[in-house]
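Quick note: the sequence shown, position 155, residue 155 per UniProt numbering, numbers continuous.
In this text, a Cβ means the ideal position worked out from N, Cα and C, and glycines have one as well.
Structure record follows, encoded as structure tokens.
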Amino acid sequence: MYLGTQVAVRDDDDFRVFAQLGVKHISADPPGAPSSWTLDDLERHRDHVESFGLVLDMIQLPLPSKPIEKASYPDILLAGPERDRQIDAVCQMIENCAKAGIPATKYNLNLIGIPRTELEKGRGGSLNEAFRWEKADQEAAPGLAGVLREDENWERIDYFLERVVPVAESNRIRLACHPHDPYTPPGYRGVTRVLGTVDGLKTFVQMRESPYHGLNFCQGSIGEMLDNPREEIDDIIRWFGTRGKIFNLHFRNIRGGALSFMETFPDEGDMDMVRSLKVYKEVGYKYMVMPDHVPAISGRDANGVAFSFCYGYIAALLEAMEAGHL
């Protein structure tokens, strides 16, 4: 496994910074709307990334973490009249990734976005994302998806997987799906978030079984599903890791657990990230280890500094582990 990032670049200087910091492997998207990307766009993008000495490991399919109201291809999850055409477009993108030499894609199956409550103060006065169920609008109205039964949600996901997994397998492109972030009680905003529990994720990866169908394994999001993340997370890593279902790793920590947590820097949360990294090695994980979200800090280029701290933390752990010091 190796250090990576998915931070969106602002300009070419960000690519140079990645190279200068030793963040050689990246997930980065071409310019423009995903629905407009052609094979030529992907090839030019890969060549551009490689011109900085970087490796384009992955791109994001047009299935984002945003609420379905902002999705490029909403009918895939809404079972709308354009569903088949939109799935065909995703399949074409997978085929184009193979032709362009991009080995993996990540995606979300998200209807209500990423619910959060107000920011909370973290270390040194940083502002951290948080979710407290008691502070949430528990009676929030359903969105565009309306009221969706759990079984119907699964049917729509299976319809999508039935079409895309064979295309990914025949083209040897890994499909890495992100868990629902965070866990919310069944029926919140009309939806049961079926990928918001560990059991749901286990069901998901066993549907349309393929070595190219797995997870963008967000340790922070999975910690948000648990009553005791520190004690539970490592066995969950083992379950998915030994089955070869982890295709990308968001190395994020939290303080708290299900329905009451705050995001943190990786070194200060409740989960033992050093111990977890050793478990990823134990199960043979071999792809990117990257920051996910970071707390908002003070100063110039605050986001760049916060992510750089995380890159250094991950790089140091990886080097120490490979040298046998952990």
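In the DSSP assignment, Q6 falls outside any alpha helix (DSSP H) and carries neither an H nor an E. Sequence-distant partners of P30 (beyond 5 residues in either direction) whose C-beta falls short of 8 Å from its own C-beta, in its chain, are W37, D41, L42, R44, H45, I59. Here the alpha carbons of A141 and K135 stand approximately 16 Å from one another. Around the beta carbon of S126, 16 or more other beta carbons sit within 10 angstroms, so the residue counts as buried. With 16 or more other CB atoms across the displayed protein chains lying within 10 angstroms of its CB, A104 is buried. By the CB criterion at 7 Å, P74 and G113 fall outside the cutoff. Between L249 and V283, the beta carbon gap of about 11 Å keeps them out of contact (Cβ cut-off 8 Å). Its chain contains V167, N171 as the residues whose beta carbon lies nearer than 7 Å to that of E95, once the 5 sequence neighbours on both sides are disregarded; these appear in chain order. Scanning the stretch 218 to 288 for uninterrupted beta strand (DSSP E) segments of 3 residues or longer gives 246 to 250, 253 to 257, 260 to 264, listed from N- to C-terminal end. One alpha carbon belongs to N108, the other to G190, and they sit about 19 Å apart. Between I87 and F160 the beta-carbon gap is near 6 Å, inside 8 Å, which marks them as a contact. DSSP places K66 in the coil class of the three-state scheme, outside both helix and strand. The DSSP assignment places 104 to 107 as complete runs of the beta strand (DSSP E) inside the stretch 78 to 117, in order along the chain (cut-off: 3 residues).
Boundaries for I314: no beta strand (DSSP E) harbours it, while the alpha helix (DSSP H) harbouring it runs 302 to 322, taken from the DSSP string.
Residue state for Q138 is assigned as coil, using DSSP reduced to three classes. DSSP, read as helix, strand or coil, puts S126 in coil.
E118 and P62 have their alpha carbons spaced roughly 28 Å apart. Counting along the chain, A176 sits inside the beta strand (DSSP E) bounded by residues 174 to 177.
Looking at the backbone, the Cα of A8 and that of D181 are separated by about 20 Å. In chain order, A104, Y212, F247 place their CB closer than 6 Å to the CB of R174, counting only its own chain and leaving out the 5 sequence neighbours on each side.
Partner residues in the beta bridge of A296, as assigned by DSSP, are L127. Out of L277, F131, G22, the CA that lies nearest to the CA of I254 is found in F131. For H180, there is no enclosing beta strand (DSSP E), since its DSSP letter is neither H nor E.
Here the C-alpha atom of A100 lies approximately 24 Å from the C-alpha atom of Y285. Looking only at A71, L3, Y2, L21, the smallest Cα-Cα distance to A33 is reached by A71. Beta-bridge pairing by DSSP links Q60 to K106. In the three-state scheme derived from DSSP, where H, G and I count as helix and E and B as strand, K202 is classed as helix.
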